[in-house]
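Residue numbers (this note's numbering): 64 to 302. Glycine included, C-beta positions come from ideal geometry on N, C-alpha and C. See below for the structure under consideration.
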Ligand code: SAM
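What follows is the structure, given as structure tokens:
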């Protein structure tokens, strides 16, 4: 993704109540932010947000958190959220801190955003706090010496394991076959097992059921690229 410094990013993100700024403060308390005990799903590297915003609108009973490292990219997701009627009414039982109380108007109430590097997820979420993790079209970091920066690497899988609830799952999609092969090879040494693997998601009617396209998925599948996907869980965790 081409990155540009966008001067208004800081002020727009600062002013958006759904962008959680003091994220480590809420470790173990994310359900307070949402004001309900519903499951929490996160997307790491959300980009411009199409995937997560679509899921949040479709599934009001699930809470979503989008994590993106660059403010200039998160800005695009937040502006899209705001133009789609974001900033919503939170249920009455919600005990939201004042600085996170969304405006009183209808819209999507079940999504929050964090601008951070995903390597810090164990500082932001308590053990077992997250029910599902999505990685979509993660940056490939093709040089071997950068393998640890790849979001499906064993180093990151260890971080994800620490925050995932018993019975939780991680889903990863990409059109990059080298990255996907690497990700599959990382599973056993990292202590994860695959429940589903496909090298042609769009040709698999069963796995396509309920599939929500990301920006990159739309672009690369339109170019004729096959989309790979796995669904994984820590080994020994079957529920
Ligand atoms: N998921 C979107 C999609 O499928 O359309 C965007 C894919 S884009 C290739 C990858 C995104 O992941 C970029 O926006 C990048 O900034 C973000 N990213 C990469 N490494 C990250 C990290 N360590 N922490 C948070 N975000 C990261």
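According to the DSSP secondary-structure assignment, residue 196 is paired through a beta bridge with 105, 233. By the neighbour-count criterion, in which a residue is buried when 16 or more other Cβ atoms sit within 10 angstroms of its Cβ, residue 286 is exposed.
Ranked by Cα distance from residue 259, the first of 67, 129, 149, 292 is 292.
Residue 198 has its alpha-carbon roughly 22 Å from the corresponding atom of residue 97. For residue 187, the closest C-alpha among the options 249, 177, 269, 123 is that of 177.
Under the three-pair Cβ rule at 8 Å, the stretch 93 to 110 counts as touching the stretch 191 to 208. A distance below 8 Å separates the beta carbons of residue 111 and residue 143. When rounded, the separation of the alpha-carbon atoms in residue 290 and residue 297 is 23 Å.
Counting along the chain, residue 292 sits inside no alpha helix (DSSP H); it lies in the beta strand (DSSP E) bounded by residues 291 to 297.
Following the DSSP letters along the chain, one finds residue 171 in no alpha helix (DSSP H), marked with neither H nor E.
Around the beta-carbon of residue 222, 16 or more other beta-carbon atoms lie within 10 Å, marking it buried. Excluding the 5 residues flanking it on each side, residue 181 has same chain C-beta neighbours closer than 8 Å at 107, 108, 130, 132, 214, 219, 222, in chain order. DSSP places residue 257 within a strand segment (E or B) once states are collapsed to three. Contact between residue 295 and residue 233 holds: their C-beta atoms lie close to 5 Å from each other, under 8 Å. DSSP places residue 128 within a strand segment (E or B) once states are collapsed to three. For residue 173, the CB contacts under 7 Å within the same chain, skipping 5 residues up- and downstream, are 97, 119, 123, 125, 126, 127 in chain order.
By the neighbour-count definition (other C-beta atoms within 10 Å, threshold 16), residue 139 is a buried residue. If the five residues before and after residue 217 are omitted, its C-beta is found closer than 6 Å to the C-beta atoms of 249, 252, 253, all from its own chain and listed in chain order. Boundaries of the alpha helix (DSSP H) around residue 93: 93 to 97.
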